[in-house]
Amino acid sequence: DAKTTQPNSMESNEEEPVHLPCNHSTISGTDYIHWYRQLPSQGPEYVIHGLTSNVNNRMASLAIAEDRKSSTLILHRATLRDAAVYYCILRDRNTGNQFYFGTGTSLTVIP
Amino acid sequence: DAGVTQSPTHLIKTRGQQVTLRCSPKSGHDTVSWYQQALGQGPQFIFQYYEEEERQRGNFPDRFSGHQFPNYSSELNVNALLLGDSALYLCASSPGQRSPLHFGNGTRLTVT
Chain U
1096 DAKTTQPNSM ESNEEEPVHL PCNHSTISGT DYIHWYRQLP SQGPEYVIHG
1146 LTSNVNNRMA SLAIAEDRKS STLILHRATL RDAAVYYCIL RDRNTGNQFY
1196 FGTGTSLTVI P
Chain H
1319 DAGVTQSPTH LIKTRGQQVT LRCSPKSGHD TVSWYQQALG QGPQFIFQYY
1369 EEEERQRGNF PDRFSGHQFP NYSSELNVNA LLLGDSALYL CASSPGQRSP
1419 LHFGNGTRLT VT
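Structure follows, in structure tokens:
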């Protein structure tokens, strides 16, 4: 399964944008890029996913590099409720193979 | 509309015992996956059930088994518990095998 690399932790000030990076240099052409986040004492929560083009939804934006070897999750205005562990995961669109989580990025939001 | 519900929320067992964890998927979801999350780690995939059959399996011994019922609910069974089985067990459901997952808040299992 293709692997992803994320920083262990990041900090952001409240109400400022946050850019969470992810490297996936071994990504295949059929891998979707998924992002989930896990708030304390909760199960992971779906954030966004994409294949090639940048994606936006009510929670975040996903910027995908042209060569698809990296991506960035963008939270436009961080709030205290965004403090969580963020996971970047690859998933094959043909096989629907299951998510293999790494240790993710722990985001701290400073008031 | 209820999301994914898991029971019990907490459980304490003794080494060597057996345990059954339960999961009710989100309404309209027919696929259930189970994950194990050790403290400080990301979730690790155990297996996935679809149409009452195990469709995919992660790197877990056959002490871990499961079942999916006609109403799509699922059980995870772990036999001969080890201390290392202490973890948060997460259930996730989805409408089909390739859609984003919706997770429950897990069952915290402690093996003493």
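Line by line, the protein sequences give chains U and H.
Per our numbering, the first sequence starts with residue 1096, numbered consecutively.
Per our numbering, the second sequence starts with residue 1319, numbered consecutively.
C-beta: ideal position from N, C-alpha, C; glycine also.
At a cut-off of 7 Å between beta carbons, H:N1377 makes no contact with chain U.
Chain-order list of chain H residues neighbouring U:T1198: G1358, Q1359 and G1360, by C-beta distance under 9 Å. Counting other Cβ atoms within 10 Å of its Cβ, U:H1119 reaches 16 or more and is therefore classed as buried.
In the structure shown, H:G1402 adopts helical secondary structure according to DSSP, grouped into three states. When secondary structure is reduced to three states using DSSP, U:R1132 falls in the strand class.
DSSP links H:H1328 through a beta bridge to H:R1426. Interface flag for U:Q1101 against chain H is unset, since no Cβ pair is found closer than 7 Å.
Note that the C-beta distance between U:A1155 and U:L1134 is not below 7 Å. Across the structure, H:G1358 and U:T1100 are spaced so that their CA atoms are roughly 17 Å apart. By the criterion of a C-beta distance shorter than 7 Å, H:A1356 is surrounded in its chain by A1405, once the five residues flanking it on both sides are discounted.
Cβ-Cβ separation between H:F1365 and H:E1372: approximately 5 Å, consistent with a contact (criterion under 8 Å). Cα atoms of U:A1158 and U:S1148: separation of roughly 8 Å, rounded to the nearest angstrom. Cβ neighbours of U:N1108 within its own chain (closer than 6 Å, five residues either side excluded): I1205. Contiguous alpha helix (DSSP H) elements confined to the stretch 1172-1198 of chain U do not occur, taking only those with 4 or more residues. For H:H1420, the residues of chain U that pass the 9 Å Cβ criterion are G1138, E1140 and Y1141, in the order they occur in the chain.
Residue burial is scored here from C-beta neighbours: U:G1199 has at least 16 other C-beta atoms within 10 angstroms and is therefore classed as buried. Beyond the five residues adjoining it in sequence on each side, H:F1378 comes within less than 7 Å, by CB distance, of I1364 in the same chain, given in chain order. Taking the beta carbon of U:H1119 as reference, no residue of chain H falls within 7 Å; the closest one sits roughly 15 Å away. Nearest CB-CB separation between H:L1408 and chain U: below the 7 Å threshold. The alpha carbon of H:G1334 has as its nearest neighbour, out of H:S1325, H:L1399 and H:D1380, the alpha carbon of H:L1399.
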